[in-house]
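Engineer: For any residue, its number in the working numbering is found by taking its place in the sequence shown, counting from 1, and adding 16. I am attaching a structure below and will ask some questions about it afterwards.
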Amino acid sequence: MIRRVLLVLLICTFALPAFAGGASEKPQNDTNAAMERTVNDPRLFQPGKLTVATGEPVYPPWMMNDDPASGEGFENALVYALAAKLGFAKEDVVWVRQTFDQGIAPGDKPYDFNLQQYSVTEVRREFVDFSNVYYQPEKAVVALPESNFSKARSFDDLRKARWGATIGTADLDYIENVIGVSDAAVFNEQVGTFQALLGGQIDATVISLPTALFVTAVQVPEATIAAILPSDPNDLGFGFVFEKGNPIVEWINEGLDAIIADGVVADLTSKYLIGNENIPEISK
């Protein structure tokens, strides 16, 4: 079956009075509770600011020109829409950078949440908390057009390829657990994966369809999208990553759900993530 998708090519460019006997015992706690779910929420990493982490570097179409503060791109535009819904001014959004692996590692987080296309999985929930899902991408096979695997039409065909993917990603999980390949090459960054593809070290990789559309149109035009793949039942879609036990998750989810209901995600999807190519689909 052939899937038709539309390509939009973006080249970067209050406190209650205390009862008698308790007035001096916990006024600060009452004040803190009154400030919750406001921009000065004391539970924020830096009250008055929304501190958001993302990758180093970031990639189109999720963020353009390696510049989160520009608001140009699907994920950073989503953050600014969420910030506005929660009451933050644009200048009160503070960006910090972390590698992909640092974001999903257990431990303290020097920010409120992190986003860089983190797939929500039960394994990761053991170490971090997630927001509700904000986007569910399809997966795509990327190969060189002259490769035999650009014509692969079954999982049996795919298992014959030399695979590679970026470490710690749901893409690597897909290759290993869904396609069934145990010896995929692993690279520290996405750019290394594509360099290996161009250099003939690997035959193919798996990435999200929106990333594949941009990469093959702009960044690595020598490559092609060979096929769209069935979803991984263990991959629930993309969510924000929080330090385990972070108390602001529910508040952030309320804001996220509200902008989704407002059509913000649908609009950003149309602007940044949809493409116009006829792409074959592979089913198991």
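Think of the CB as a built atom: it goes at the ideal place given N, C-alpha and C, for glycine as much as any other residue. Note that this is a predicted model, so its numbers are computed, not measured.
Threshold first: 3 residues or longer. Then list the beta strand (DSSP E) segments lying entirely within the stretch 213-289, N to C.
Structural biologist: Counting whole runs of 3 or more residues, the stretch 213-289 contains the beta strand (DSSP E) stretches 220-224, 240-245 and 257-259.
Engineer: Which whole-angstrom value describes the C-beta separation of Gly180 and Phe203, a residue pair presumed to lie in contact below a C-beta threshold of 8 Å?
Structural biologist: The Cβ separation is near 6 Å, so the contact holds.
Engineer: Put Ser299 into one of helix, strand or coil per three-state DSSP.
Structural biologist: Ser299 falls in the coil class under three-state DSSP.
Engineer: Could you tell me which residues DSSP puts in a beta bridge with Ala69?
Structural biologist: Paired residues: Val112 and Asn130.
Engineer: So, helix, strand or coil for Phe171, using DSSP?
Structural biologist: Residue state, collapsed to three classes: helix.
Engineer: By DSSP, does Ala99 sit in helix, in strand, or in coil?
Structural biologist: Looking at Ala99 - three-state DSSP - the assignment turns out to be helix.
Engineer: In the structure shown, what three-state DSSP assignment does Asn45 receive?
Structural biologist: If DSSP states are grouped into helix, strand and coil, Asn45 belongs with the helices.
Engineer: Note down the Cα distance separating Arg53 from Lys101, rounded to an integer number of angstroms.
Structural biologist: If I take the Cα positions, the gap works out to 11 Å.
Engineer: Check each candidate in Ala201, Tyr96, Gly184 and Gln211 and name the one with the smallest Cα separation from Ile275.
Structural biologist: Among Ala201, Tyr96, Gly184 and Gln211, the Cα nearest to that of Ile275 is on Tyr96.
Engineer: How many angstroms separate the CA atom of Val144 from the CA atom of Gln132?
Structural biologist: Straight-line Cα distance between these residues: approximately 14 Å.
Engineer: What first and last residue would you give for the beta strand (DSSP E) that runs through Val158?
Structural biologist: Here the beta strand (DSSP E) through Val158 covers Lys155 to Ala159.
Engineer: Under 8 Å: do the stretch 226-237 and the stretch 60-77 share three or more Cβ pairs, one atom per stretch?
Structural biologist: Flag = yes, the stretch 226-237 and the stretch 60-77 touch.
Engineer: Rounding to the nearest angstrom, what Cα-Cα distance links Lys300 and Gly208 in this structure?
Structural biologist: Whole-angstrom Cα-Cα distance: 29 Å.
Engineer: Give every residue of the same chain whose Cβ lies closer than 6 Å to the Cβ of Thr67, excluding the five residues on either side of it in the sequence, and list them in chain order.
Structural biologist: Same-chain partners within the cutoff: Phe61, Val110, Tyr127 and Asp128.
Engineer: Can you tell me whether Asn130 is buried or exposed? The criterion is at least 16 other CB atoms within 10 Å of its CB, across all chains shown.
Structural biologist: By the neighbour-count rule (16 or more Cβ atoms within 10 Å), Asn130 is buried.
Engineer: With DSSP collapsed to three states, give me the class of Tyr151.
Structural biologist: The answer is strand: DSSP assigns Tyr151 an E or B state.
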